[in-house]
Amino acid sequence: MNRENKKLNVGDVAPKFSLLDQNGVVRTLEEFSGKWLLIYFYPKDNTPGCTTEACEIRDAWGEFKKTGAEVVGISTDSVESHKKFGEKHSLPFTLLSDSEKKVVEEYGVWGMKSFMGKSFMGTRRTSFLISPDGKITKIYENVLPAIHAEEVLRDIQTLL
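Residue numbers (our numbering): 68 to 227.
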(Lines of atoms letter the chains of each structure in order from A; the text may use other names.)
(Lines give C-alpha, C1' and ligand atoms only; values in the text may rest on other atoms or scores of the structure.)
Protein backbone atom coordinates (compact mmCIF):
# COMPACT_ATOMS: atom_id res chain seq x y z
CA MET A 68 0.00 0.00 0.00
CA ASN A 69 1.41 3.41 -0.92
CA ARG A 70 0.62 5.99 1.71
CA GLU A 71 2.93 8.67 0.40
CA ASN A 72 0.13 11.23 0.69
CA LYS A 73 -0.95 10.25 4.22
CA LYS A 74 -0.84 13.26 6.50
CA LEU A 75 -0.94 13.12 10.26
CA ASN A 76 -1.92 16.19 12.24
CA VAL A 77 -1.38 17.58 15.71
CA GLY A 78 -4.03 16.04 17.96
CA ASP A 79 -4.15 12.73 16.09
CA VAL A 80 -3.48 9.54 18.02
CA ALA A 81 0.01 8.34 17.11
CA PRO A 82 -0.12 5.24 14.88
CA LYS A 83 0.93 2.09 16.72
CA PHE A 84 4.04 0.21 15.68
CA SER A 85 5.87 -3.01 16.44
CA LEU A 86 9.47 -3.01 15.17
CA LEU A 87 12.81 -4.62 15.99
CA ASP A 88 15.36 -2.47 17.79
CA GLN A 89 19.12 -2.47 17.31
CA ASN A 90 19.36 -5.55 19.55
CA GLY A 91 16.69 -7.54 17.71
CA VAL A 92 14.06 -6.98 20.42
CA VAL A 93 10.47 -6.17 19.41
CA ARG A 94 9.49 -2.70 20.62
CA THR A 95 6.02 -1.14 20.51
CA LEU A 96 4.55 2.32 20.88
CA GLU A 97 2.59 1.11 23.91
CA GLU A 98 5.85 0.65 25.87
CA PHE A 99 6.23 4.43 25.99
CA SER A 100 2.70 5.17 27.18
CA GLY A 101 2.63 7.69 30.02
CA LYS A 102 5.82 9.43 28.88
CA TRP A 103 6.71 12.13 26.42
CA LEU A 104 8.18 10.47 23.34
CA LEU A 105 10.16 11.89 20.45
CA ILE A 106 9.89 9.65 17.39
CA TYR A 107 12.41 10.88 14.89
CA PHE A 108 12.49 9.48 11.37
CA TYR A 109 15.77 9.75 9.53
CA PRO A 110 16.95 8.66 6.07
CA LYS A 111 20.02 6.47 6.65
CA ASP A 112 22.52 5.33 9.26
CA ASN A 113 26.04 6.78 9.05
CA THR A 114 25.24 9.60 6.64
CA PRO A 115 26.37 13.11 7.61
CA GLY A 116 23.00 14.65 8.51
CA CYS A 117 21.71 11.55 10.26
CA THR A 118 24.90 11.17 12.27
CA THR A 119 24.75 14.84 13.30
CA GLU A 120 21.13 14.51 14.40
CA ALA A 121 21.75 11.31 16.38
CA CYS A 122 24.86 12.71 18.07
CA GLU A 123 23.07 15.96 18.99
CA ILE A 124 20.35 13.91 20.68
CA ARG A 125 23.03 11.76 22.37
CA ASP A 126 24.80 14.87 23.65
CA ALA A 127 21.52 16.20 25.08
CA TRP A 128 20.52 12.81 26.51
CA GLY A 129 20.93 13.94 30.12
CA GLU A 130 18.48 16.78 29.53
CA PHE A 131 15.99 14.46 27.84
CA LYS A 132 16.17 12.10 30.83
CA LYS A 133 15.57 15.01 33.26
CA THR A 134 12.23 15.65 31.51
CA GLY A 135 11.32 11.95 31.64
CA ALA A 136 11.08 11.89 27.84
CA GLU A 137 12.11 8.95 25.69
CA VAL A 138 13.56 9.04 22.17
CA VAL A 139 13.17 6.54 19.36
CA GLY A 140 14.92 6.85 16.01
CA ILE A 141 13.34 5.04 13.05
CA SER A 142 14.79 4.41 9.61
CA THR A 143 14.47 1.73 6.95
CA ASP A 144 17.98 0.43 7.73
CA SER A 145 18.46 -3.13 9.02
CA VAL A 146 18.79 -4.18 12.65
CA GLU A 147 22.48 -4.90 11.99
CA SER A 148 23.05 -1.44 10.52
CA HIS A 149 21.37 0.15 13.55
CA LYS A 150 23.50 -1.90 15.94
CA LYS A 151 26.72 -0.75 14.25
CA PHE A 152 25.51 2.87 14.03
CA GLY A 153 24.46 2.93 17.69
CA GLU A 154 27.70 1.37 18.90
CA LYS A 155 29.92 3.53 16.69
CA HIS A 156 28.39 6.73 18.08
CA SER A 157 27.53 5.50 21.62
CA LEU A 158 23.83 6.24 21.15
CA PRO A 159 21.91 5.73 24.42
CA PHE A 160 18.44 5.62 22.83
CA THR A 161 16.45 3.09 20.83
CA LEU A 162 16.84 2.72 17.07
CA LEU A 163 14.08 0.84 15.26
CA SER A 164 14.31 -0.93 11.92
CA ASP A 165 11.41 -0.37 9.52
CA SER A 166 12.92 -2.34 6.65
CA GLU A 167 9.45 -3.15 5.28
CA LYS A 168 8.60 0.59 5.23
CA LYS A 169 5.26 0.07 6.98
CA VAL A 170 5.75 2.63 9.76
CA VAL A 171 7.34 5.32 7.58
CA GLU A 172 4.30 5.00 5.32
CA GLU A 173 1.86 5.01 8.26
CA TYR A 174 3.42 8.22 9.61
CA GLY A 175 3.46 9.78 6.12
CA VAL A 176 7.23 10.33 5.99
CA TRP A 177 8.01 8.04 3.04
CA GLY A 178 7.87 9.83 -0.28
CA MET A 179 9.59 11.50 -3.19
CA LYS A 180 12.81 13.31 -2.35
CA SER A 181 15.42 15.16 -4.38
CA PHE A 182 19.17 15.24 -3.90
CA MET A 183 21.79 16.60 -6.26
CA GLY A 184 19.31 16.80 -9.12
CA LYS A 185 18.01 13.26 -8.71
CA SER A 186 14.54 12.26 -7.53
CA PHE A 187 13.94 9.10 -5.53
CA MET A 188 11.70 7.59 -2.86
CA GLY A 189 13.00 7.84 0.67
CA THR A 190 12.37 8.81 4.28
CA ARG A 191 11.82 12.51 4.89
CA ARG A 192 13.60 13.77 8.00
CA THR A 193 10.56 14.34 10.21
CA SER A 194 9.88 14.02 13.94
CA PHE A 195 6.78 13.62 16.05
CA LEU A 196 6.48 14.64 19.69
CA ILE A 197 3.99 12.28 21.31
CA SER A 198 2.27 13.22 24.58
CA PRO A 199 1.96 10.82 27.53
CA ASP A 200 -1.62 10.06 26.40
CA GLY A 201 -0.42 8.97 22.94
CA LYS A 202 -1.43 12.00 20.90
CA ILE A 203 0.74 13.90 18.45
CA THR A 204 1.62 17.20 20.12
CA LYS A 205 4.05 18.59 17.57
CA ILE A 206 5.29 17.65 14.11
CA TYR A 207 8.73 18.76 12.98
CA GLU A 208 9.17 18.73 9.22
CA ASN A 209 12.34 19.55 7.30
CA VAL A 210 14.34 19.06 10.49
CA LEU A 211 17.71 20.79 10.82
CA PRO A 212 19.90 18.05 12.36
CA ALA A 213 22.30 20.36 14.22
CA ILE A 214 19.58 22.12 16.26
CA HIS A 215 16.79 19.55 16.46
CA ALA A 216 17.58 18.14 19.93
CA GLU A 217 17.67 21.64 21.41
CA GLU A 218 14.40 22.57 19.68
CA VAL A 219 12.57 19.48 20.95
CA LEU A 220 13.90 19.86 24.50
CA ARG A 221 12.71 23.46 24.60
CA ASP A 222 9.25 22.34 23.48
CA ILE A 223 9.06 19.50 26.02
CA GLN A 224 10.15 21.81 28.85
CA THR A 225 7.46 24.31 27.82
CA LEU A 226 4.80 21.58 27.84
CA LEU A 227 5.71 20.09 31.23
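Every residue gets a Cβ at the ideal spot worked out from N, C-alpha and C, and that includes glycine.
Query raised in the report: Are Ser194 and Ile206 touching if we call contact CB-CB under 9 Å?
Result: Taking the sequence shown and counting its residues from 1, the one referred to as residue 194 is at position 127. Taking the sequence shown and counting its residues from 1, the one referred to as residue 206 is at position 139. Yes, they are a contact pair.
Requested in this report: For Arg221, count neighbouring C-beta atoms within 10 Å of its own C-beta (all shown protein chains included) and say buried if the count is 16 or more, exposed if not.
Outcome: On the sequence shown, position 154 is the one that residue 221 refers to. Classification for Arg221: exposed.
Query raised in the report: DSSP on Val93, reduced to helix/strand/coil?
Result: What you label residue 93 is simply residue 26 of the sequence shown in a count that begins at 1. Reduced to three states, the DSSP call for Val93 is strand.
Requested in this report: Let me know the secondary structure DSSP gives Ile223 once reduced to three states.
Outcome: Position 156 of the sequence shown, counted from the first residue, corresponds to residue 223. Reduced to three states, the DSSP call for Ile223 is helix.
Query raised in the report: Who are the Cβ neighbours of Asp126 in its own chain at under 8 Å, not counting the five residues just before and after it?
Result: The residue you call residue 126 lines up with position 59 of the sequence shown. So the qualifying residues of the chain are Ala216.
Report task. Kindly indicate which three-state DSSP category Ile214 falls into: helix, strand or coil? Result -> Looking up residue 214 in the sequence shown gives position 147. In this structure, Ile214 counts as coil in the three-state DSSP scheme.
Report task. Output the distance between the C-alpha atoms of Ile106 and Leu196, rounded to the nearest integer angstrom. Result -> Counted from its first residue, the sequence shown places residue 106 at position 39. Counted from its first residue, the sequence shown places residue 196 at position 129. Cα-Cα distance, rounded: 6 Å.
Report task. Would you mind sorting Val77 into buried or exposed? The rule is 16 or more other CB atoms within 10 Å of its CB. Result -> Taking the first residue of the sequence shown as 1, we reach residue 77 at position 10. Result: exposed.
Query raised in the report: Do the stretch 172 to 189 and the stretch 157 to 164 make contact, defined as three or more Cβ pairs closer than 8 Å?
Result: no
Query - Nearest to Val251 (by Cα), restricted to the options Arg191, Ala213, Tyr174 - result: Because the chain in this structure spans residues 68 to 227, residue 251 falls outside the shown range and cannot be described.
Requested in this report: Helix, strand or coil for Val170, going by three-state DSSP, please let me know.
Outcome: Locating residue 170 in the sequence shown gives position 103, counting from the first residue. If DSSP states are grouped into helix, strand and coil, Val170 belongs with the helices.
Query raised in the report: For Ser142, which option in Cys122, Lys150, Leu75, Leu163 has the closest C-alpha, if you only look at C-alpha atoms?
Result: One-based indexing of the sequence shown puts residue 142 at position 75. Selected option, being the one with the closest Cα: Leu163.
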